[in-house]
Structures are given as C-alpha cells and as structure tokens.
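Asks: Below you will find the structure I want to go over with you.
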Amino acid sequence: MKYLYLSDVGDGLCMRLDTIGNRSILIDCGSQAGSEKAFKGFKKIFRYHYEKPDIFILSHFHIDHYNGIFKMENNSIGLKELYCPGIPEFTKKGLKDEYLMALLCMTARVLGNGSKSAEVDLINKMRDITYSKFFFRHLYQNDNVNINGLRIDVLWPPKILKDEEITKLIEKAVQDFNKALENDCELRNIYKKYEENKIIEKYLYTDENHRDKVFYEPEIKKQEFKKNIESEYIEKDKDVDNGKKIETDNKEKLHCTIQTANESLRKAANQLSLSFAIDDRILFLGDLEKKEIINVIETLKDEERKNFAVLITPHHGTHWDDSLKSIRCEYALSSNGIKMIGKFKEEFKKISNNCESTFVSGDILFPFMPFLSRYDYTFYEFIKRFLLII
Ligand SMILES: [Zn+2]
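Pasting the structure below:
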C-alpha cells in the first residue's frame, strides 16, 4: 500500500487507498453536506479525468457514505470490483426477512418511488457510470479481499449474528417499523404491494437476483439516464439526512412513528456496517456502534492484533467503547465536519500518538513507506516536524 487519502467532505466519508501495484480503491463517497460536496471531494483525491478507482468498497447504505456517486457521469470510470456488507442471518428465525422487508419499505416510503432498495440502486448506478464489466460481492466477517497482494480482512458484519443484544436492537427496529405500519397508510400500501410481489424472495433467493459473486455488464447507453428521477432522489435524500421533513399524513403522531422507525433502521444499518483491517497498517471501523466495536476488538485480541499505523475512527470519531483501550495506533483519523466534530470522543487521543480530523486538517494524505515498520512512524513524524521547523 502506498497512500491513504481522506478527503474533506464534511460529515461523511470519501477515502482512497493506493496499492503498490497501482490499483486504487475508493472507500465510500458521501457527505451529509450533499452529493455535490461528496463528488467534489472524490474529484480532489482522484484528480478527476486522470485517475479513476478500480475498486469501490461501500461500508454501509447511508447517504453520507455514498451520495457522491449519483453525481458521477455515465461511462466515466472503469470499475472492476464492487463490494458492500451483506446482511447476516439472525438466530431468530424469520428476522432477516422481516428486517429486510422493513428496510425496503421504509426506503421506498422515505425516498419515494425512485428507489426500491439502496443496494439495487447502487448496482444500477454503477452499471451506468462504469464502462467495464465489474465483479460484485457481499462481504462478511472472515472474508478477505486480495487486491494486488493487499489483503483486506473483513471483521464485521458476521454471516450469522449471534450477539443477543445486537439482535434485540434489530428486533426493536422491526417493532418500530410495525408501529409505523399501523399508523401510516402509505407505508401499508407499499408493504402490501411488496408482499404480493414477493419482493423478499426476489431480493434474496432467486437466481436472477442472487447477487453474490456476480459479474455485471455495464448498462449500454440506456435511455438518457432518468436525470429527473435521480435529482429528485438526491434532493429527497438531503431532506431525510438533515432530518427536516419526511412527508406523512397530517397527524403529528404519524410523523413520529415514521421518524422513530426510520431512526431505528438507520441505527441498525450502522450496526451492520463494514469493518476491516489491512495487516498492521489500517483498522477501519465504519460507523459501528458500541456493541459491535466490542465484538470487533474481541476478534482482534484473539488474533493478537493490537497495533495499527492508522485507525479510521468509528462513526466519524463520535462512537467509543472502552474496549478500544486495548488498541494502539500512530494515527487516529476522523472524517468529519461541523456537526460531528462537536461529538468527537476525546478518548481517541489516548490510544493514538496523533489524532487528526478532516474538520481541523482538511484533506489528509498519509504515505505508507514500505521500508518503515509501524514503530518507525513516530520517527517519521519527528522528521516531518523537524523539517517544518527549519
Ligand atoms: Zn456516517
């Protein structure tokens, strides 16, 4: 690995990793400040029109992690691989289907008809913007992705989720959704339609839609890409993100139940977000919440992996659990803006020698020197500062 770039996209994430063999990986591309800001951030770190990502890894389906791709032009990149986290099986029978159904219905209710499923939208969008055939795969704990000798070890989400407390939170999201279902007639209509169309079976189990390990052809010049639908999609996205409005029937009560269910489902998406490690250089914790952080740290402890050159802090530096105290890193990097910086957890300073955020430092470029071990980064930092002084 040569470089890590963290683009200053405000509250969001847009990150690039470069391998020694000149493959570049884009990890997330989104911002709460809007898709334009995310896209600008992407252009900065890829020096647009000169370099393009070969691989896109999405940590989870929140717009502050992927709305930037909706600004990319058709046939503009040559993507070869696309990865996103899979949804685990739960120990409680039927919970996966219930959760997925809640997720699909709520996405359709909140974002309108432009989207049935964030994942389907992502794949379709990728088929439009890429001119090459690409490989798609869901990632689960213990999977690894090999990119030109660079090994990405997936730490979360698990294939089967056994943790009772996390399962309970997923169940709560489903319960909140059921309450919203009782109160909102539009949501009920969507649910009924999806049930009749057996959308879950289509989504998960039929061959045609079984998307694990699939090669996708680029979409060859469809009708001039439904620009209207798309811009509407992005605008609505923004509204949801700012928590401004979610259209409901006139009663305040309905507004609340939809808001609550949406919030619970958003939290659940954080809980199932991707976390990975690249040997002793990078630990990426996605938007994980407390419980999952504990699980990931346990796994790392079992493997005796405690020291990392760079930690990408969970949820933009705003999520913390004491189990993280067993980790040491040279740099704790947070991608955040004005909203998240206020909730930044000072504890990250205690487990790192250097704590930086995009809000304070702007774009961050981190060189990985092949001849330096992780212990030499302090020396490198010393030299850097010394050179700055003279
Ligand atoms: Zn986020």
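Using numbering that gives the first Met the number 0, the letters of the sequence shown map in sequence onto residues 0 to 389. Using N, Cα and C, we set each Cβ at its ideal position, and we do this for glycine too.
#1: Keeping to the same chain, check which residues put their C-beta closer than 7 Å to that of N249; ignore five residues upstream and five downstream.
#2: Output the distance between the C-alpha atoms of K51 and G77, rounded to the nearest integer angstrom.
#3: My output table needs one value for L271: the three-state DSSP class, helix, strand or coil.
#4: Would S131 be called buried (16 or more neighbouring beta carbons within 10 Å of its own) or exposed?
#5: Under 7 Å from any heavy atom of ligand 1, by CB: list those residues in chain order, please.
#6: Please work out which residues of its chain come closer than 8 Å, Cβ to Cβ, to P87, disregarding the five sequence neighbours upstream and downstream, and give them in chain order.
#7: Which residues mark the beginning and the end of the alpha helix (DSSP H) in which Y330 is found?
#8: Can you give me the C-alpha to C-alpha distance between F176 and I56, rounded to a whole angstrom?
#9: Taking just the CA atoms, how far does L364 sit from F41?
#10: Which residue or residues does DSSP assign as beta-bridge partners of A37?
#11: Just the Cα atoms here: how many angstroms apart are K235 and I169?
#12: Could you check the C-alpha separation between E409 and F307 for me, to the nearest Å?
#13: Per DSSP, which one or two residues make a beta bridge with A276?
#14: Look at the Cβ atom of T256, then the Cβ atom of K178, and state whether they are nearer than 7 Å.
#15: So does the stretch 281–289 actually touch the stretch 65–80, counting three or more Cβ pairs closer than 8 Å?
Replies: Checking against the coordinates, here is how it stands:
#1: If you number the sequence shown from 1, residue 249 lands on position 250. Bear in mind that a pLDDT of 42 at N249, under 50, signals an unreliable position, so the number given afterwards is only what the model happens to contain. So no residue of the chain qualifies.
#2: For the purposes of this step, residue 51 is taken as the residue at position 52 of the sequence shown. For the purposes of this step, residue 77 is taken as the residue at position 78 of the sequence shown. Computed Cα separation, rounded: 7 Å.
#3: Along the sequence shown, read from residue 1 onward, the residue named residue 271 stands at position 272. If DSSP states are grouped into helix, strand and coil, L271 belongs with coil.
#4: Against the sequence shown, residue 131 aligns to sequence position 132. Exposed, by the Cβ-count rule.
#5: G11, L12, H61, D63, H64, D286, H314 and H315
#6: On the sequence shown, position 88 is the one that residue 87 refers to. The residues are K95, Y139, P156, P157, K158, I159, L160 and L271.
#7: Counting from one through the sequence shown, the residue named residue 330 turns up at place 331. Y330 -> not in any alpha helix (DSSP H); beta strand (DSSP E) instead, spanning R327 to S333.
#8: Sequence index remark: in the sequence shown, residue 176 carries index 177 (1-based). Sequence index remark: in the sequence shown, residue 56 carries index 57 (1-based). Cα to Cα, F176 sits roughly 29 Å from I56.
#9: Sequence index remark: in the sequence shown, residue 41 carries index 42 (1-based). Sequence index remark: in the sequence shown, residue 364 carries index 365 (1-based). For F41 and L364, the distance between alpha carbons rounds to 14 Å.
#10: Start at 1 with the first residue of the sequence shown, and residue 37 comes out as number 38. Answer is none; A37 lacks a bridge partner.
#11: Along the sequence shown, read from residue 1 onward, the residue named residue 235 stands at position 236. Along the sequence shown, read from residue 1 onward, the residue named residue 169 stands at position 170. Reliability of the predicted coordinates at K235 is poor, the pLDDT of 44 falling under 50, and no value is obtained from them.
#12: With the chain represented from 0 up to 389, any question about residue 409 goes unanswered, as that position is not in the structure.
#13: Numbered from its first residue, the sequence shown carries residue 276 at position 277. For A276, which the question treats as bridged, DSSP gives the partners D152 and L282.
#14: As a working mapping, residue 256 is identified with position 257 in the sequence shown. As a working mapping, residue 178 is identified with position 179 in the sequence shown. One thing to note: T256 has its Cβ within 7 Å of the Cβ of K178.
#15: no
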